[in-house]
Structures are given as C-alpha cells and as structure tokens.
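Following the working numbering, the numbering of the sequence shown begins with 1194 at its first residue and continues without gaps. Glycine included, each C-beta is placed from N, C-alpha and C at the ideal position. Notes follow the structure.
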Amino acid sequence: MGKYLVLWQVDWSKIPIDRKERGIGWNGLVALVKKDIELGVTKDWGAFVGEVNGYSIVEGSEAEIGKQLQKYVPFTKFEVKAIATVDQVQEVIDDLKK
C-alpha cells in the first residue's frame, strides 16, 4: 500500500457566486472528506487559509486512490505525489553503497 500527497484545487469556474450556494457546496466537499477520513483512506487533510486549494495525505493502491479522487471530479483538480518513507529512502541510499 502506498502513501500519497494529494494537492487539490477547486475549479473556480464551478464555485457559485451566491454566498449561500457556495456554503452548500463547501459543506458537501467537507462531508465527503470527513467520510474518507472515517474510512481510513485519508490520513490528513487541510485547506490553505484564504485559498481554494489544499492538501491531503492518503494511503492505498493506485487504483484505490484513483477511485477515491474521482468522486470530487469535475469540481476539484489534483496533483498526486507518491511519498517514500525514511526506510525506503534508506534502502535507496544503501543500494548506492554497493
């Protein structure tokens, strides 16, 4: 199972101008995020203050993460980075010494 940093950004063209409608949309987004946290797929999530983007840390296979992120499309765009643990980095370093 892999660990990934997901940088997310809400598509400005999908954000309602009306304040109440915008609140309803954000509420729906956060409800989905809370569900993913409850399921254990999302380990950490945050929004950058004053922006419409943020990050999450997720764990699973590539297919599991791909399926999980699709529920947010087309409202959110993603950049996904695989994360190596310190032990995995050490394994690479140890291989350099051979």
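Same chain, Cβ closer than 8 Å to Asp1204, neighbours up to 5 away in sequence not counted:
Taking the first residue of the sequence shown as 1, we reach residue 1204 at position 11. Here the set comprises Pro1267, Phe1268, Thr1269, Lys1270.
Taking only three categories from DSSP, how would you classify Glu1252?
Here residue 1252 refers to the residue found at position 59 when the sequence shown is read from its first residue. DSSP places Glu1252 in strand when its eight states are reduced to three.
Among the residues of its own chain, which have a CB less than 6 Å from the CB of Ser1249, if the five just before and after it don't count?
Position 56 of the sequence shown holds residue 1249. Within the same chain, Ser1249 has close Cβ partners Val1199, Thr1235, Trp1238.
Is the Cβ-Cβ distance between Val1285 and Tyr1197 less than 8 Å?
Start at 1 with the first residue of the sequence shown, and residue 1285 comes out as number 92. Start at 1 with the first residue of the sequence shown, and residue 1197 comes out as number 4. In this structure, Tyr1197 does not lie closer than 8 Å to Val1285 by Cβ.
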